[in-house]
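Numbering (the working numbering), first residue to last: 441 to 1064.
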């Protein structure tokens, strides 16, 4: 849900019939009136945002098939508030053949800057890196900067001026990023700091301060955690820290449309914001009080340093500013948490808070599980963060059937938030405990935990998941005879690895779009950049080659339009199972891609129902 720059309109994706989503547009002053509805019979809407007071940027998606290649196309369109006219972000020439039409559809320009101080134009970057100033009313565009294979990652300041860009170069055979910044005195780009990819500590600009000679730079300078630092363009030196957190990585800078600093993001359990702006800090405090948000202290041991401290964690749900008008006179506030899909409120300048609506209002909170941040020690002593969801009280005190659910990536992490895929709460509402281990190799918890996963696929990374299962069993939470592993993408790989390792912890495993270690090695060897940045991380147990050693039943499922992980990876594992006479279940989901954005509600329902049936009927001994 987003609000227009002038605060007069609200737009949101809303469900229509079955899998269809439409865009609703309301007048802020008449929120009780029915919205204008924007719909499409050919394309699925995936996101919507305001770029001008009366213009929306909409990402749409549709499937494509070229010979044996299948996938999804995403396209950016600009439209008015009634959806009467739809234009691509940049003018397109007429295609004169089927191949030319496909090539045109594969191109997808991106918005670089909505230029809030320009009433008609935005900055758009095309697939060649050319930058255009596009008029969102006339549909015309003028190129303002030619793209270059040498430079990328263009960044603009509050005035819409391109002030920074990066370059990949090589020194003594080693790849590094070069940060280029425009000198405010000369108007010329100059080379600044370098980040060698082998060090996996890339420094980048997070924002531009009100002083044209000072920028904010993010990276790890001291110890284990990323911070944000002031950097002097004139002297090419780092100054004092702008923001550091002893326990968590800094994640970004928040500024208003005039470049005024508002706050800093950091990667705690939920992904929080430290507001430096007094008005926003007071507003956040007041919203928590008004919406009965309770912050509770919790003991925490930093995985990187072993340092202990008390941290504050939201109990059940928290609030955030989802969107605000440019002058901050009106804002949309979201209250959400692991058992709350989201409540949306309108906050007006006089402090009035009005409920706009709820996401998935049919879900009853009392039927869902409670999620909390926990930690446990791995067998080598490394502290592993995790999110533990226990079923509602109606299911008793346990021990419970338990799902160990590793995230994808694996350079990713989970948060203390609503699981949009529905996996966690679907099973918690049916009496399962769900543990989401933030195993070594996970990002966002500090450098030590992240790099500890290097070349440990199916080995120490897998130990962390198994140690989480043992920890739950030791606390009489997990039933040792009813514990399974389920994951998607890298989590799917982990589930395949769990079928092979001789630990006897799991009764069965479910792998959604589980990837191949061999394919990951191949992909990360295709360029010098990936060979230095990612290739050293990829190593360990190749589950697909060892499929015949599977010791427990396994259910594999995969979308037939997955362009991230080839469906053939799942098929190769099945071939190994077949040749060894091992039990398995297989499901190919038509038209599903890899990410959640390519999944319809019907596809999600299919996954959940079929996984539960497998647990109940085919998971040994005798089902869960």
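Every residue, glycine too, gets a C-beta built ideally from N, C-alpha and C.
In the DSSP assignment, residue 752 forms a beta bridge with 737. For a cut-off of 8 Å, the C-beta gap from residue 462 to residue 478 is around 6 Å, short enough to register as a contact.
The DSSP-derived three-state label of residue 498 is strand. Between residue 471 and residue 796, the CB-CB gap stays under 8 Å.
Taking C-beta atoms as the reference points, residue 779 and residue 805 count as a pair closer than 8 Å. The beta carbon of residue 943 sits closer than 8 Å to the beta carbons of 906 from its chain, once the five residues preceding and following it are set aside; these are given in chain order. It is roughly 48 Å from the alpha-carbon of residue 532 to the alpha-carbon of residue 664.
Assignment of residue 921 by DSSP, reduced to helix, strand and coil, places it in the strand class.
With fewer than 16 other beta carbons inside 10 angstroms of its own, residue 506 counts as exposed. Taking C-beta separations shorter than 8 Å and ignoring five residues to either side along the sequence, the partners of residue 711 in its chain run 691, 705, 855 and 857, following chain order.
The DSSP assignment places complete beta strand (DSSP E) segments of no fewer than 3 residues inside the stretch 535 to 591 at 550 to 553, 561 to 565, 571 to 575 and 581 to 585, in order along the chain. Residue 554 counts as buried, since no fewer than 16 other beta carbons sit within 10 angstroms of its beta carbon.
By a beta-carbon distance limit of 8 Å, residue 613 does not contact residue 588. Their separation comes to about 23 Å.
The Cβ atoms of residue 867 and residue 843 sit closer than 8 Å to each other. Comparing alpha-carbon positions, the option among 459, 467, 578 and 646 lying closest to residue 522 turns out to be 467.
Of the candidates 713, 1060, 772 and 766, 713 places its Cα closest to the Cα of residue 754. Within its own chain, the residues whose Cβ lies closer than 8 Å to the Cβ of residue 702, once the five positions on either side in sequence are excluded, are 694, 695, 696, 715, 716, 717 and 720, listed in chain order. Residues of the same chain with a CB within less than 6 Å of the CB of residue 1057, apart from the 5 flanking positions on each side, are 1063 in chain order. Contiguous alpha helix (DSSP H) elements confined to the stretch 854 to 884 occur at 863 to 868, taking only those with 4 or more residues.
Contact between residue 807 and residue 829 is ruled out by a C-beta separation of about 13 Å, above the 8 Å threshold. For residue 853 and residue 882, the gap between their C-alpha atoms comes out near 6 Å. If only uninterrupted beta strand (DSSP E) runs of at least 3 residues are considered, those enclosed by the stretch 910 to 956 are 918 to 928 and 949 to 952. Contact between the stretch 905 to 925 and the stretch 739 to 748 is absent, with fewer than three C-beta pairs closer than 8 Å. A Cβ-Cβ contact shorter than 8 Å links residue 515 with residue 548. Taking 3 residues as the shortest admissible run, the stretch 814 to 838 contains the following complete beta strand (DSSP E) segments, listed from N- to C-terminal end: 823 to 830. Counting of Cβ neighbours within 10 angstroms places residue 724 among the buried residues, the total reaching 16 or more. Just measuring C-alpha positions, the residue of 698, 667, 820 and 1042 sitting nearest residue 688 is 667. For residue 476, the secondary structure class from DSSP, reduced to helix, strand or coil, is strand. Cβ-Cβ separation between residue 980 and residue 953: approximately 19 Å, too far for a contact (criterion under 8 Å). Inter-residue distance for residue 631 and residue 824 is about 39 Å (C-alpha atoms, whole angstroms). Taken through DSSP and simplified to helix, strand or coil, residue 612 comes out as coil. For residue 1009, the uninterrupted alpha helix (DSSP H) segment begins and ends at 1007 to 1020.
Proximity to residue 738 across 794, 813, 698 and 452 peaks at 813, based on C-alpha coordinates. Counted as a single uninterrupted DSSP element, the alpha helix (DSSP H) harbouring residue 1051 occupies residues 1041 to 1057.
Here the alpha carbons of residue 784 and residue 774 stand approximately 5 Å from one another. Contact check between the stretch 442 to 460 and the stretch 1027 to 1043: three or more CB pairs, one atom from each, fall below 8 Å, which counts as touching.
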